[in-house]
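Number of protein chains: 6
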Amino acid sequence: MKSDNDKIHKAVALLVEQMQSGVLSHCNQNGERYPSGDELAAIVDLCYAILFPGFFGDSTSVNTDTLRYHIGVNVEKLHVKLVEQLIAGMCFDADDKKDPETRTADAREMASDFIESLPDIRDVVCTDVEAIFRGDPAAKNYGEIILAYPGLKAIVNYRIAHKLLEVGANPLMPRMITEMAHSVTGIDIHPGATIGRYFAIDHGTGVVIGETTIIGENVKLYQGVTLGARSFPSDENNVIIKGILRHPIIEDNVVIYAGATILGRITIGHDSVIGGNTWITESVPARSKVTL
Amino acid sequence: MKSDNDKIHKAVALLVEQMQSGVLSHCNQNGERYPSGDELAAIVDLCYAILFPGFFGDSTSVNTDTLRYHIGVNVEKLHVKLVEQLIAGMCFDADDKKDPETRTADAREMASDFIESLPDIRDVVCTDVEAIFRGDPAAKNYGEIILAYPGLKAIVNYRIAHKLLEVGANPLMPRMITEMAHSVTGIDIHPGATIGRYFAIDHGTGVVIGETTIIGENVKLYQGVTLGARSFPSDENNVIIKGILRHPIIEDNVVIYAGATILGRITIGHDSVIGGNTWITESVPARSKVTL
Amino acid sequence: MKSDNDKIHKAVALLVEQMQSGVLSHCNQNGERYPSGDELAAIVDLCYAILFPGFFGDSTSVNTDTLRYHIGVNVEKLHVKLVEQLIAGMCFDADDKKDPETRTADAREMASDFIESLPDIRDVVCTDVEAIFRGDPAAKNYGEIILAYPGLKAIVNYRIAHKLLEVGANPLMPRMITEMAHSVTGIDIHPGATIGRYFAIDHGTGVVIGETTIIGENVKLYQGVTLGARSFPSDENNVIIKGILRHPIIEDNVVIYAGATILGRITIGHDSVIGGNTWITESVPARSKVTL
Amino acid sequence: MKSDNDKIHKAVALLVEQMQSGVLSHCNQNGERYPSGDELAAIVDLCYAILFPGFFGDSTSVNTDTLRYHIGVNVEKLHVKLVEQLIAGMCFDADDKKDPETRTADAREMASDFIESLPDIRDVVCTDVEAIFRGDPAAKNYGEIILAYPGLKAIVNYRIAHKLLEVGANPLMPRMITEMAHSVTGIDIHPGATIGRYFAIDHGTGVVIGETTIIGENVKLYQGVTLGARSFPSDENNVIIKGILRHPIIEDNVVIYAGATILGRITIGHDSVIGGNTWITESVPARSKVTL
Amino acid sequence: MKSDNDKIHKAVALLVEQMQSGVLSHCNQNGERYPSGDELAAIVDLCYAILFPGFFGDSTSVNTDTLRYHIGVNVEKLHVKLVEQLIAGMCFDADDKKDPETRTADAREMASDFIESLPDIRDVVCTDVEAIFRGDPAAKNYGEIILAYPGLKAIVNYRIAHKLLEVGANPLMPRMITEMAHSVTGIDIHPGATIGRYFAIDHGTGVVIGETTIIGENVKLYQGVTLGARSFPSDENNVIIKGILRHPIIEDNVVIYAGATILGRITIGHDSVIGGNTWITESVPARSKVTL
Amino acid sequence: MKSDNDKIHKAVALLVEQMQSGVLSHCNQNGERYPSGDELAAIVDLCYAILFPGFFGDSTSVNTDTLRYHIGVNVEKLHVKLVEQLIAGMCFDADDKKDPETRTADAREMASDFIESLPDIRDVVCTDVEAIFRGDPAAKNYGEIILAYPGLKAIVNYRIAHKLLEVGANPLMPRMITEMAHSVTGIDIHPGATIGRYFAIDHGTGVVIGETTIIGENVKLYQGVTLGARSFPSDENNVIIKGILRHPIIEDNVVIYAGATILGRITIGHDSVIGGNTWITESVPARSKVTL
């Protein structure tokens, strides 16, 4: 047992040394907190409770009389938590040099802007629910979609995350929110993507939608569809150039079947149908039918 | 900060108005409760504790002497929880016009019927465990399969959900139970599918098995296999017709390798082998070998 | 209600009888405990808190002054929990005939060996973080990768699990640890695989890496890549032979794009690029480019 | 170990037999639930959150703008929980023969009556806070009294419990609520007592106030004061007669010092001072000073 | 902030030094665990669930049909937890030199002996409930006494603790169990006291019953009664002699009113009545009436 | 049901109006938080874990090797929590006009001062443990006193609270800490009292020690002892004057038996013995023996 303790103490000493050497970047700054996965999950839960009252949240006694109390409390809690996490996100950004008061003021404004947009988010999400319902013969009613469809979960988390990006949140926070959905649905939508109304994903496991993708209205994807990048240009130092427009544009009314792979900044013209397992790296005109 | 509060109060007012307009369907009915994800998870946990005592549940002291007490308590708790959720499922169905007492009586009977079938479910699940063990060189013993194989989890949740459908549960509840497995395994089996004994799925991520699929005995699937629909006929109003038989029939002793896609109401004849990444939309006779 | 109770009592009796018949293997041995999923999750959480202090664990007040206290406490807790679960793993192995004291002594040594290797694990994981950062134009900084990239989670859990296998843990425990990552990332890496430094997986859903796979340094995989077995030879009794080398060898500096399937004990030569959706069952020389 | 199991199984058999013999009254009726200590504690917590917003409850973000949302949600939750527990109280009363619907209707009305009286309860409690503040040189401000004075806690729980008795709750429920305060303060006030405004108890451990006590306005008690019964008359069968008026009447503006014992249906006249450790079993005129 | 850290590190160093100096006894032995307050609380909860099924424990669905399952599971859990805590108690005793296997065997036997006595404990507790009911005009029914009377709680915890002492538990464990009741009732009964059937305590705050007290059948105490020691003889080294019989003997059918103090190894003869606030240090013959 | 909702909405409106009228002081200020009972409880728990490692806290694996890690982590957590609650205490004080940065700096210094004094607190507490052990024939060892003696708990909480007062904490926080002990022990020690080394309280229920009490070394109290004020002088406006020295001085080596009441700024001379149930309002010379 002596040698057990020796090994342990030696490991502790080495691990502490690694951290303090400064070569590695995993060491926290003093006193500042990183965005918290648990808090972001609570933020997403509050959004769901606000967007779908009666389905999510502490809904056992929600009725039309008391709805406004619940919405009010949930919106207020959401504001408090958003402000905290938005500040945490700023602390995470090494280039952010704001003083604490400016950070708080900025975070409060971002949080309010996000909350102001919740009615609009709700409007769009309703179109997504309807699109899923219209396109799936197995869907019995809207409630089933809200409670049991992974595709909707991935879309709602994306819409929340995308809006946070728009109001100015540090990108880590939206990314963690879409990753939460990815981990339970297998659908990986980057928060930076732009996606129109009436968006539907069926089954969804394996779907990947990249950062600079643009998707129009009334588009439907099946499982395993990749909207990805084709290549990553590097600069003269052989470092990948970040931020280039590198993912596809999908126009309105397109259906893309399971396993299709669409790569690069190409355009799939409106009203096209892309068959399953296809591999597409060139633009396709409107009303095309592409099959294997 | 004043304007923050203005934005927030305005958002609350708009959100409440949206809900109360009645156009949207997301508003809870007064006093009735929807099926609860947490309660369904507890129901599934109880089923696992009953089917695999010593592996799941409060098993720290289960032994052959005290097993009957544990099974007894767990079966009783399962009955209580099932009755509650079965009633919640009925409330969810807008067409259900039963009075409360009939609902309770019906739910009690469904719950008892489900419990009565647990020994049979256990019998079938044992064949699934054995099928996985026989077919995977990496499987060291039955316990590893029970504790660590996502394929088994997806199958067990499906078998529970399918039986609930058979005893008459509102379809939302079984759907939520298979979706629980989908979210942690990436395997999406519709509770309406019919699946025979000795069923094995290896790795499993991306597997999709549609609502009207029929699978015989001793079938094995690998990751990424889709047993899906080919097209969704619409009625004269351009509304998708629900309930049509649209997924494949897989006969006994078939193996389907990774990434194969089988679409439409076609039949894969018994003792066939379907190669990886194949795309099949026409029936295949018994003892076929299909490769890319 | 009488008949409800009848059905329930009958089911209890049948279930108890099934368990006690001894034909089925799901019955716990008296007094001994199986490895616990919750405890293994706690072990993985402690490893993350030790490897990435400030990112995971009870990190609200970690700073360079107090880091050593936190590392110390976490390493000690890890040792205690490892010893318990390593013993549980031995009990799980029907062939293990050690007496309790030997089991404890062996478990203590394995746990110390594992802890002794943590600094090395941390070194390798740092190369993985860097490899992901260098290869993904969407990655803003190391922190984002640590907090939000499923690929890293799958790799870290694999590295923990693989080391446990090396120090002699019963294989069930490492398997459960990689399966935890599989369930939230869709990436299925067998703990028995051998994987070099600077390993990156992008998106990752659907990736499968089999038990006897060998991967060199600086390899990158995209979603849906399978490194699998081609066939499972059986012995004269038609029982699959376990333990055969049956998965690919991927040499240094290989990139494998989404959906590629590589099967059998073949070698992908160094500096090769394997295109998306390819199906490869034969070895490929160094510096190859394989496309669909 | 065999004999261990024998003893255990024998004990189980005996205990079950005792319960089922019907001689003992500790056996639950089928399907009906007794009032729950946890739920009553939650009810009391909600009352505190409503009466003292910002001091108790989920108060981290209560401000004057959002107060109404919080009060609204808490009042609604209170109503739901009260209805459940009021019904449980009725089930507890063996003489209650109401059908379920009448029970629910009655409980809903009682709960609403209780909630209607909350503003009045708040008014009275404010006088209690002020009385404590005026009489204690150690009290720094109202907040300290609300957060840290056991006397106030005992009084508030009593006022809640007494009102529940008034609206018709089964006596068990109010009794459990005052007993909650008794257990943490050592102050035992029967919910049936009648107590006027501006009531103060200092320190309080050991105070006992009996069921039929009447206390006027502006009365102050110190620790160890008993307002008790002197004797319990029995009927011809030697059974104690329940419900007799047997505790003292304390008129307005009386101070009773530590350890005084006042027994029987006697009257302490207004503006009297009762000294510490006195033993009083006869009425005392107004403006008396009684000392040891 | 630098000086903050200096103060903190200095304090840590001093505290560690104090512990390791060995002068102080507060340092844990390596690897062995002290009895756990939480576990003892769980043990007491299980005893309540077994003694009063339907009142305590997970009772939502207990009925006469399923009672035996619940009793069985609870008794089994109780046995497991008792064994652990009995072993922890032995470790706490510095003089205990047993090897681990003997400790476990002894603990298992003690636990079984305790469980064997549960039906008898239940018999006696029933007499206590009845005694309280007969003597309190405010008591509405047995259930109220079981759920809301602190006197009963103190007595039941005492009876459990006393039996544990009888089966041979280390005295710390019973002491912690009676102290749990003391902390919520203000009634301090030493587990070593001997107390007969039909024992009642009313209100109870401030009651003290010493280690060597003997109480007959059908005795009733009111709040603030002390059954204490008069003096503590010391040995030649001026060290108090432990274990001397120093508390009163109360014979059958005695009533002792509030605040009475009875000190020393004296006897209160049967059928006596001791008045409130009396101070008694000499024996009293049978059928006495002592008043202030 | 309509009238139910009417009553509820009316009650909400009235309650909101009461709060917003400003007459009542129970309304929280915007954004600032009051001291939290839960956080103070966590602070006390951390102090116990630091003062008594192995007895309290997460002690399952504390040994002499790893003690320093545990002390280090606990001291650091304590510092963080203390700073937060000390700031909350300042916000609670309406007269405190400091800006946020000064508050934080002051709180950090107070917290460090408190932590710096922990080794001294531990020294004194050790004398208290020893005093209890020497004076109680029922005490088997130090561990029993630490784990099960309410007297010690009350003293330790007092010593923590008193030191917080000394370092400058808002008085609410220390008061809440002694009240925590009061609620579970029935012993009410004001944090402002001054108490010397080797202090013992036996049983303790009902003990009251007032704000300006001074107690020397080696003093022992029994249950029900009051060290209180005799009268509260008022000013010309009939308002009680706060802060006057009004409680007794107890010199070294005094024993005070159960139920004694000592009132006013009088002195009990050293080496005196005060008998049970005595009532003392005048000073007593050294070496006195006072009996009833």
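From first to last, the protein sequence lines stand for chains A, B, C, D, E and F. Okay, so the first sequence: first residue is 1 according to our numbering, each after it adds one. Okay, so the second sequence: first residue is 1 according to our numbering, each after it adds one. Okay, so the third sequence: first residue is 1 according to our numbering, each after it adds one. Okay, so the fourth sequence: first residue is 1 according to our numbering, each after it adds one. Okay, so the fifth sequence: first residue is 1 according to our numbering, each after it adds one. Okay, so the sixth sequence: first residue is 1 according to our numbering, each after it adds one. We treat Cβ as the ideally placed atom computed from N, Cα and C, and that holds for glycine. What you are looking at is a predicted structure, and each value in this text was computed from that prediction instead of being measured.
Inset, instruction - List the endpoints of the continuous alpha helix (DSSP H) containing I71 of chain D. - result: I71 of chain D -> alpha helix (DSSP H) spans 67-92.
Legend entry - Outcome for H26 of chain E when other beta-carbon atoms lying within 10 angstroms are tallied against a minimum of 16: Caution is warranted here: a pLDDT of 48 is assigned to H26 of chain E, below 50, making its placement in the model unreliable, and no coordinate value can be reported.
Inset, instruction - May I ask you to check if the CB of I209 of chain A is nearer than 6 Å to at least one heavy atom of the ligand GTP? - result: The ligand GTP is not among the ligands present in this structure, which contains no ligands whatsoever.
Legend entry - Short Cβ contact (7 Å threshold) for F56 of chain B with Y48 of chain B: A contact, by the Cβ cut-off of 7 Å.
Inset, instruction - Measure the Cβ-Cβ separation of T291 of chain B and H247 of chain B and say whether it is below 7 Å. - result: Not closer than 7 Å, so no.
Legend entry - Beta-carbon proximity check, R345 of chain A vs D6 of chain B, cutoff 7 Å: This structure cannot settle anything about residue 345 of chain A, because the visible part of chain A is limited to 1 through 292.
Inset, instruction - Step through the CB atoms of chain E and report whether any lies within less than 7 Å of the CB of G89 of chain D. - result: It does not; no Cβ of chain E falls within 7 Å.
Legend entry - At least three beta-carbon pairs within less than 8 Å, the region 167-183 of chain C to the region 168-182 of chain B: Taking one beta carbon from each stretch, the region 167-183 of chain C and the region 168-182 of chain B have fewer than 3 pairs nearer than 8 Å; the two do not touch.
Inset, instruction - Classify K289 of chain F as buried or exposed, calling it buried when 16 or more other Cβ atoms lie within 10 Å of its own Cβ. - result: Classified as exposed, K289 of chain F has fewer than 16 neighbouring CB atoms from the shown chains inside 10 Å of its CB.
Legend entry - 7 Å Cβ cutoff, Y297 of chain D in contact with chain A: It is not possible to answer for residue 297 of chain D, since the shown part of chain D is limited to 1 through 292.
Inset, instruction - Sort D:D235, D:K153, D:A260, D:L263 by Cα distance to D45 of chain D and report the nearest one. - result: Ranked by how close their Cα comes to the Cα of D45 of chain D, the residues D:D235, D:K153, D:A260, D:L263 have D:K153 in first place.
Legend entry - Coarse secondary structure for I266 of chain C, derived from DSSP in three states: Secondary structure of I266 of chain C (DSSP, three-state): coil.
Inset, instruction - Starting from the C-beta of I214 of chain E, find all residues in its chain whose C-beta is less than 6 Å away, skip the five residues before and the five after it, and write them out in chain order. - result: Contacts found: T194, I249.
Inset, instruction - Please confirm if D4 of chain A has its CB atom under 7 Å from at least one CB of chain C. - result: The beta carbon of D4 of chain A sits closer than 7 Å to some beta carbon of chain C.
Legend entry - alpha helix (DSSP H) runs contained entirely in the region 85-134 of chain C, provided each spans 4 or more residues: Restricted to the region 85-134 of chain C, the alpha helix (DSSP H) segments that are unbroken, complete and at least 4 residues in length are 100-116, listed in chain order.
Inset, instruction - Tell me where the beta strand (DSSP E) around G143 of chain D begins and ends. - result: First-last for G143 of chain D: 142-148, but that is the alpha helix (DSSP H), not the beta strand (DSSP E).
Inset, instruction - Check whether the Cβ atoms of H190 of chain F and G210 of chain F lie closer than 7 Å to each other. - result: Yes, these two residues count as a Cβ contact at 7 Å.
Inset, instruction - Report yes or no: is there a C-beta of chain E within less than 7 Å of the C-beta of V289 of chain F? - result: Looking at the sequence itself, residue 289 of chain F is Lys, so the reference to Val does not match. Chain E contact via Cβ: absent.
Legend entry - chain A contacts from the region 265-283 of chain C (Cβ-Cβ distance under 7 Å): Taking 7 Å as the Cβ-Cβ cut-off against chain A, the residues of the region 265-283 of chain C that qualify are G276, N277.
Inset, instruction - Flag T66 of chain C as yes if its beta-carbon sits less than 7 Å from any beta-carbon of chain F, otherwise no. - result: So yes, T66 of chain C belongs to the interface.
Inset, instruction - Please list the segments of the beta strand (DSSP E) lying wholly inside the region 170-216 of chain B, counting only runs of 3 or more residues, in order along the chain. - result: Whole beta strand (DSSP E) segments, 3+ residues: zero.
Inset, instruction - Answer yes or no: does any C-beta atom of chain F fall closer than 7 Å to that of K140 of chain D? - result: Yes, K140 of chain D counts as interfacial toward chain F.
Inset, instruction - Take the Cβ of V239 of chain B as the centre, count every other Cβ of all protein chains shown within 10 Å, and call the residue buried at 16 or more, exposed below. - result: With fewer than 16 other Cβ atoms inside 10 Å of its own Cβ, V239 of chain B counts as exposed.
Legend entry - Endpoints, beta strand (DSSP E) assigned at L227 of chain C: Per DSSP, L227 of chain C is one residue of the beta strand (DSSP E) stretching across 226-228.
Legend entry - Selection of the region 159-187 of chain C by Cβ proximity to chain A, strictly under 8 Å: Going along the region 159-187 of chain C in chain order, one finds V184, T185, G186 with a Cβ nearer than 8 Å to chain A.
Legend entry - Spatial distance of G276 of chain E from A258 of chain E (CA atoms): Taking the straight line from one Cα to the other gives about 5 Å.
Inset, instruction - Report the three-state DSSP secondary structure of L245 of chain B (helix, strand or coil). - result: Three-state result, L245 of chain B: coil.
Legend entry - Per-residue DSSP class, three states only, for S234 of chain E: Secondary structure at S234 of chain E: strand, using DSSP grouped into helix, strand and coil.
Inset, instruction - Look at the alpha carbon of N74 of chain D and the alpha carbon of M176 of chain F, and state the distance between them as a whole number of angstroms. - result: In a straight line, the C-alpha of N74 of chain D is about 25 Å away from that of M176 of chain F.
Legend entry - Short CB-CB distance (under 7 Å) between M110 of chain E and chain F: At a cut-off of 7 Å, the C-beta of M110 of chain E has no neighbouring C-beta in chain F.
Inset, instruction - Please state if the CB of G264 of chain F and the CB of E251 of chain F are separated by a distance shorter than 7 Å. - result: Here E251 of chain F is not near G264 of chain F, since their CB atoms are 7 Å or more apart.
Inset, instruction - Report buried or exposed for T261 of chain F, applying the criterion of at least 16 other Cβ atoms within 10 angstroms of its Cβ. - result: Answer is buried; the Cβ neighbour count reaches 16.
Inset, instruction - Compute the beta-carbon to beta-carbon distance between T205 of chain B and G186 of chain A, rounded to the nearest angstrom, for a pair I have assumed lies under 8 Å. - result: That belief holds up - the Cβ atoms of T205 of chain B and G186 of chain A are roughly 7 Å apart, short of 8 Å.
Inset, instruction - Can you pull the chain F residues whose beta carbon is under 8 Å from the beta carbon of L15 of chain E, in chain order? - result: Residues of chain F whose Cβ lies closer than 8 Å to the Cβ of L15 of chain E are, in chain order, I50, I71, V75, L118, P119, R122.
Inset, instruction - Kindly confirm or deny that the region 73-92 of chain A and the region 75-82 of chain D touch, where touching means at least three C-beta pairs closer than 8 Å. - result: The region 73-92 of chain A is not in contact with the region 75-82 of chain D.
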